[in-house]
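S.K.: Sharing a structure with you now.
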Amino acid sequence: MGRKSLYLLIVGVLVAYYVYIPLPGDFEDPWKLILLNAKYKAVIHLAIFIELLGLNHFLASVRFFMDEKKVPPTSDENITVTDTTFNHIPVRVYVPKKQPKALRRGIFFIHGGGWSGNSAASQNYDLFSRWTADRLDTVVVSTNHRLLPEYRFPIQFEDVYSSFKWFLRKEVLAKYGVNPERIGVVGCSSGGNLAAAIVQKISDDPDSKIKPKIQFLFNPLLQALDMDTPSYRENSNFPSLFKSAVVRSWSEYITADRSLEKAMLSNQVVPEESSHLLKFVNWSSLLPKRFKKGHVYSNPTYGSSELSKKYPALLDVRVFPLLADDKKLHGLPRTYIITCQYDILRDDGIMYATRLQNAGVPVTHNHIENGVHGLLFMDLKITRKMKNQYVSWLRENL
Ligand SMILES: *[C@@H]1O[C@H](CO)[C@@H](O)[C@H](O)[C@H]1NC(C)=O
Ligand SMILES: *[C@@H]1O[C@H](CO)[C@@H](O)[C@H](O)[C@H]1NC(C)=O
1 MGRKSLYLLI
11 VGVLVAYYVY
21 IPLPGDFEDP
31 WKLILLNAKY
41 KAVIHLAIFI
51 ELLGLNHFLA
61 SVRFFMDEKK
71 VPPTSDENIT
81 VTDTTFNHIP
91 VRVYVPKKQP
101 KALRRGIFFI
111 HGGGWSGNSA
121 ASQNYDLFSR
131 WTADRLDTVV
141 VSTNHRLLPE
151 YRFPIQFEDV
161 YSSFKWFLRK
171 EVLAKYGVNP
181 ERIGVVGCSS
191 GGNLAAAIVQ
201 KISDDPDSKI
211 KPKIQFLFNP
221 LLQALDMDTP
231 SYRENSNFPS
241 LFKSAVVRSW
251 SEYITADRSL
261 EKAMLSNQVV
271 PEESSHLLKF
281 VNWSSLLPKR
291 FKKGHVYSNP
301 TYGSSELSKK
311 YPALLDVRVF
321 PLLADDKKLH
331 GLPRTYIITC
341 QYDILRDDGI
351 MYATRLQNAG
361 VPVTHNHIEN
371 GVHGLLFMDL
381 KITRKMKNQY
391 VSWLRENL
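Residue numbers in the sequence shown follow full-length UniProt numbering, run continuously in steps of one, and reach 398 at the last position.
In structure tokens:
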């Protein structure tokens, strides 16, 4: 074989490797997914390589390659957009220009990005918040938080909680013309994790008399105590979230110690003395039959007590909102959860929907059959349908 054909062969194999993806579903635009898959795969391999060379942290490289363009706060004909701080946390606020007929709804929004990427200024989040404010005639506060790997739990949680509590102050709500009885918390992915966590926390915080009326969670991350659920098994190599990257993010959120990542990969996180927690993430009892199809449950293996003693965050409900007990869940507001069939996080959301429902919380669970993680920012027909459902549910329930 000549040198030229050898090169061609290598390039061909590489292209095939990055582009190949078994598509199980009936996707509206398979090429979008194929390209997305190739991009994510390449970024993750590059980030691993850069880390091996000792040049940069894996998550910092992923952020560098994946982050959306940041845009300045620009008002348009309908919405006034400003950057400010709530209790020292940078936030971006969207207020409709139209003269209000009464006090408005207020949405507190938390972006996704695995606690390590994006911000309120990321173009896709800026557009979404602006669109929400305009369509619903509502005030939107899009909060930032400090990011991994420079900062880890509890910083992300505390940043978001402290900006949320600032927003709930009477004088702040009055300044933006927000009705204290019509406040909603919305989050995507890791933002959904933070949203669920702050909604639980505020529900019995005696400092705050004002409580949110609803929570809306897009594809949230809610637990890492069992990473062998059917959705983990089915979608571990499916874009836009690969299991290796999700495990790395979860473990980094808690500690830089890579032994936790190993424990998570072998599903050995919960120590024997905390075995009572496993029932809160037991997919065998919490998933409806159709999501268990073909999967056999096995209890996660017990992990080392040393690890959970060293890193108490490992059993902390502010990290894993699914660990809240039923009594706590009972006090939570009306909830909307979106899950997607081809999302590794699917079962997290479904289990939370089941648990909230069992605890007496009104839940709307919207499961999207041909959906993937990150659907919100894909320009597809099912995206538009989902966004319209989002707005009409909020119009009715907030
Ligand atoms: C402003 O609102 C009008 C009326 O709803 C709409 O047609 C227009 O597209 C909006 N402008 C922007 C920039 O969204
Ligand atoms: C999970 O639920 C199944 C059946 O509902 C049960 O057999 C199993 O013991 C449970 N495991 C844990 C760890 O709770």
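Note that CB positions come from ideal geometry on N, CA and C, so glycine has one too.
1. Would you say the beta carbon of residue 402 is closer than 6 Å to some non-hydrogen atom of ligand 2?
2. Does at least one heavy atom of ligand 1 sit under 6 Å from the Cβ of Glu234?
3. What span of residues does the alpha helix (DSSP H) with Glu28 cover, start to end?
4. Is DSSP giving Gln341 helix, strand or coil here?
5. Quick one: Cα of Val141 to Cα of Glu396, how far?
6. Is there contact between the region 221-238 and the region 343-351, where contact requires at least three CB pairs shorter than 8 Å?
7. Less than 7 Å separating the beta-carbons of Ala284 and Tyr302?
8. Which residues does DSSP list as the beta-bridge partners of Arg334?
9. With a 10 Å radius around its C-beta and 16 neighbouring C-beta atoms as the bar for buried, classify His111 as buried or exposed.
10. Compute the Euclidean distance between the alpha carbons of Phe242 and Val363, then round it to the nearest angstrom.
11. Relative to the C-alpha of Met351, which residue among Phe291, Leu314, Asp316 and Leu375 is closest?
12. Do Glu158 and ligand 1 come close, with the Cβ less than 6 Å from some heavy atom?
13. Taking its Cβ as the centre, do 16 or more other Cβ atoms sit within 10 Å of Ile10, making it buried, or is it exposed?
14. What is the rounded straight-line gap between the Cα of Gln123 and the Cα of Glu68?
15. Tell me Gly22's beta-bridge partners as DSSP assigns them.
16. When you compare only the Cα positions, how much space is there between Trp250 and Pro220?
17. Only counting the same chain, and skipping five residues up and downstream in sequence, which positions put a Cβ closer than 7 Å to that of Val71?
18. Leaving aside the five residues before and after Phe27 along the sequence, list all residues of the same chain whose C-beta is less than 7 Å from its C-beta, in chain order.
19. Pick out whichever of Tyr253, Met264, Gly106 and Leu194 has its Cα sitting closest to the Cα of Gly184.
20. Helix, strand or coil for residue 477, going by three-state DSSP, please let me know.
21. Out of Leu265, Val95 and Ser75, state which residue places its alpha-carbon closest to the alpha-carbon of Gly177.
22. Tell me which residues share the same chain as His295 and place their Cβ nearer than 7 Å to its Cβ, disregarding the 5 neighbours each side in the sequence.
23. For His57 and Arg92, what's the separation of their Cα atoms in angstroms?
24. Taking the continuous beta strand (DSSP E) assigned at Val317, which residues delimit it?
25. May I ask you to list the residues that DSSP assigns as paired with Ile368?
26. Please report the residue range of the alpha helix (DSSP H) in which Asp159 lies.
27. Does Gly187 come out as helix, strand or coil in the three-state DSSP assignment?
M.R.: Considering the structure as presented:
1. As displayed, the chain neither begins before 1 nor continues past 398, which places residue 402 out of reach and without an answer.
2. As a position in the sequence shown, residue 234 is number 234, starting the count at 1. Checking the Cβ of Glu234 against ligand 1 gives no.
3. Here residue 28 refers to the residue found at position 28 when the sequence shown is read from its first residue. Run containing Glu28: none; DSSP gives neither H nor E here.
4. As a first step, residue 341 is located in the sequence shown; it is residue number 341 there, counting from the start. Reduced to three states, the DSSP call for Gln341 is strand.
5. For this step, residue 141 is matched to residue 141 along the sequence shown. For this step, residue 396 is matched to residue 396 along the sequence shown. Whole-angstrom Cα-Cα distance: 20 Å.
6. yes
7. For the purposes of this step, residue 284 is taken as the residue at position 284 of the sequence shown. For the purposes of this step, residue 302 is taken as the residue at position 302 of the sequence shown. Per the sequence shown, the amino acid found at residue 284 is Ser instead of Ala. Going by C-beta atoms, Ser284 is not nearer than 7 Å to Tyr302.
8. Counting from one through the sequence shown, the residue named residue 334 turns up at place 334. Answer is Ile214, bridged to Arg334.
9. Mapped onto the sequence shown, residue 111 falls at position 111. Result: buried.
10. Reading the sequence shown from its first residue, position 242 is the one you call residue 242. Reading the sequence shown from its first residue, position 363 is the one you call residue 363. Those two C-alpha atoms are separated by around 28 Å.
11. Position 351 of the sequence shown, counted from the first residue, corresponds to residue 351. Measuring from the Cα of Met351, the nearest candidate turns out to be Phe291.
12. Taking the sequence shown and counting its residues from 1, one reaches residue 158 at position 158. It does not: the Cβ of Glu158 is nowhere closer than 6 Å to a heavy atom of ligand 1.
13. Your numbering for residue 10 matches position 10 in the sequence shown. Exposed is the call here.
14. Counting from one through the sequence shown, the residue named residue 123 turns up at place 123. Counting from one through the sequence shown, the residue named residue 68 turns up at place 68. If I take the Cα positions, the gap works out to 6 Å.
15. Position 22 of the sequence shown, counting from 1, holds the residue named residue 22. Sequence inspection shows Pro at residue 22; the Gly mentioned does not correspond to that position. For Pro22, which the question treats as bridged, DSSP gives no partner whatsoever.
16. Here residue 250 corresponds to residue number 250 of the sequence shown, with the count starting at 1. Here residue 220 corresponds to residue number 220 of the sequence shown, with the count starting at 1. One C-alpha to the other measures close to 13 Å.
17. The residue given as residue 71 occupies position 71 in the sequence shown. Cβ neighbours of Val71 beyond the five flanking positions: Ala121, Gln123 and Asp126.
18. Here the question's residue 27 lines up with position 27 in the sequence shown. Counting only Cβ-Cβ distances below 7 Å, and skipping sequence neighbours, we find Leu33 and Asn370.
19. Within the sequence shown, residue 184 is the residue found at index 184, counting from 1. Considering only alpha carbons, the answer is Gly106.
20. The requested residue 477 is not part of the displayed model; the chain covers only 1 to 398.
21. Translated into positions along the sequence shown, residue 177 becomes position 177. Closest by alpha carbon: Val95.
22. For the purposes of this step, residue 295 is taken as residue 295 along the sequence shown, with counting starting at 1. Closer than 7 Å at the Cβ level, and outside the excluded window around His295, lie Pro230 and Arg233.
23. As a first step, residue 57 is located in the sequence shown; it is residue number 57 there, counting from the start. As a first step, residue 92 is located in the sequence shown; it is residue number 92 there, counting from the start. So the two alpha carbons sit approximately 28 Å from each other.
24. Residue numbering aside, residue 317 sits at position 317 when the sequence shown is read from its first letter. Val317 -> no beta strand (DSSP E), and no H or E assigned at all.
25. Along the sequence shown, read from residue 1 onward, the residue named residue 368 stands at position 368. Paired residues: Cys340.
26. Within the sequence shown, numbered from 1, the residue matching residue 159 stands at position 159. Segment Ile155 to Phe167, the alpha helix (DSSP H) holding Asp159.
27. Within the sequence shown, residue 187 is the residue found at index 187, counting from 1. Here Gly187 sits in strand by DSSP.
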